[in-house]
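Here's the structure we're looking at; comments come further down.
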């Protein structure tokens, strides 16, 4: 067993999560075999151009995803819970950055959280730019509760070709972190796929926890592959109990 360099008590930690952490809660991934983008062209439902061209289709896609998320069977899993434990018990700063638009991290109890790709449970009006929580369906006839205009209400998610949220805050955290952990992400979508480079530039220990190696897996100092509900609780227990991590 090769011991990695110990992490100091209170060192800053940045966690990145992707669709793989929510898969075991019953939500689809996107780029895996059988994932969403193998069945639906992202160009048809996840770009500003798609919304301008066929808003009914885009609304239908996100309405279905919103209903799935509201299914009582879809609940935070052991991996979500473990990250809540890490945030509460680690003596230093822990920033959780998620590519996911679901609310499972919040429902599990995470508080220091950035949704870099927006949130499925929020909408935004293109007419007045106001955003708000939203649980039901949207259509081209839905009026904005703020300005009253219809036709401009859209999911408050980041589509391909749009800028992810809070990038200045994320990059500042990466520049100062001592531990960067990527969980359940394919490593194919930028800028998130480049976070490991930024963490390495900062001298951080980098860890991949994934069902299988991601696109940038070779860059990580420690790589562990298996279900998130197994790997993430094990990782959190090891870090909190020993303040050190081992490649195994």
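Residue numbers (this note's numbering): 7 to 254. We treat Cβ as the ideally placed atom computed from N, Cα and C, and that holds for glycine. These numbers come from a predicted model, not from an experiment.
Exposure label - residue i; buried when at least 16 CB within 10 Å
i, result
"residue 44", "Any reading at residue 44 is ruled out, since the residue's pLDDT is 46, under 50, leaving its predicted position unreliable."
"residue 247", "exposed"
"residue 145", "exposed"
"residue 130", "buried"
"residue 82", "buried"
Where residue i falls: helix, strand or coil (DSSP)
i, result
"residue 26", "helix"
"residue 239", "helix"
"residue 147", "coil"
"residue 54", "helix"
"residue 47", "coil"
Nearest residue (CA-CA) to residue i, options the options
i, options, result
"residue 160", "23, 124, 26 and 204", "124"
"residue 121", "193, 198 and 92", "198"
"residue 107", "90, 165, 84 and 79", "165"
"residue 30", "210, 237 and 67", "237"
"residue 139", "175, 222, 117 and 109", "109"
"residue 133", "114, 154 and 89", "154"
"residue 91", "111, 78, 72 and 81", "111"
"residue 113", "86, 187, 94 and 207", "86"
"residue 103", "63, 176, 32 and 128", "176"
"residue 22", "233, 239, 244 and 185", "185"
Identity of the residues DSSP links to residue i by a beta bridge
i, result
"residue 173", "Paired residue(s): none; residue 173 is not in a bridge."
"residue 231", "216"
"residue 188", "22 and 214"
"residue 139", "128"
**OP:** Note down, one range per segment and in chain order, each alpha helix (DSSP H) of at least 4 residues found wholly within the region 78 to 130.
**Re:** Within the region 78 to 130, the runs of alpha helix (DSSP H) at least 4 residues long that lie entirely inside it are, in chain order, 84 to 95 and 110 to 114.
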